[in-house]
């Protein structure tokens with residue numbers, strides 16, 4: 017598991033690079049790598065702006081019944097004591113009530129889970145698998 021503390025904008029670039037490197041290592045095509053990197057950037061920026069401090073972890077997850085190979089799970093956590101209840105904002109599939117970074121991540125991810133409670137901060141899980149038949153030949 018790779019974990020990056022997000023305390024300043026430069027840390028977002030580090031997390032983005034780690035996500036892209038891991039995705040490339042697993043054989044994700046460049047388009048899937050770019051989607052994952054964009055989701056990581058959006059999550060990290062939203063959490064950084066929201067509370068000024070966040071952590072982001074990446075780990076390889078095993079293929080499910082629908083997926084052809086391993087994927088990547090991103091876990092992001094922000095420490096904002098003023099956080100609102102995100103579950104109430106994301107009641108429809110469009111996620112239109114979410115903050116823009118979380119909304120972007122939800123559209124780029126294959127699975128998206130967000131939990132936020134006042135006083136406890138925000139925790140987001142994003143899962144991404146390479147699209148069927150699109151693994152890089154090098155994998």
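Numbering (our numbering), first residue to last: 17 to 155.
Ideal Cβ placement from N, Cα and C applies to all residues, glycine included.
> Residues in its own chain within less than 7 Å of residue 117 by CB, not counting five upstream and five downstream?
Replying inline: 58, 59, 61 and 62
> Can you tell me whether DSSP reads residue 95 as helix, strand or coil?
Replying inline: coil
> Does DSSP classify residue 32 as helix, strand or coil?
Replying inline: helix
>> Let me confirm a value: residue 111 is counted as buried when at least 16 other C-beta atoms fall within 10 Å, else exposed. Which label applies?
In response: Residue placement at residue 111 cannot be trusted, given a pLDDT of 48 that sits under 50; what the coordinates show is reported in the next sentence. The residue is buried, with at least 16 neighbouring Cβ atoms inside 10 Å.
> Since residue 45 is in the alpha helix (DSSP H), which residue starts that stretch and which ends it?
Replying inline: It is not in any alpha helix (DSSP H) - residue 45 carries neither H nor E in the DSSP assignment.
>> Just verifying my parser: in three-state terms, what is the DSSP assignment at residue 137?
In response: strand
> CB residue 86 to CB residue 38, shorter than 7 Å?
Replying inline: no
> Where do the ends of the beta strand (DSSP E) carrying residue 70 lie?
Replying inline: 70-77
>> So for residue 117, helix, strand or coil by DSSP?
In response: helix
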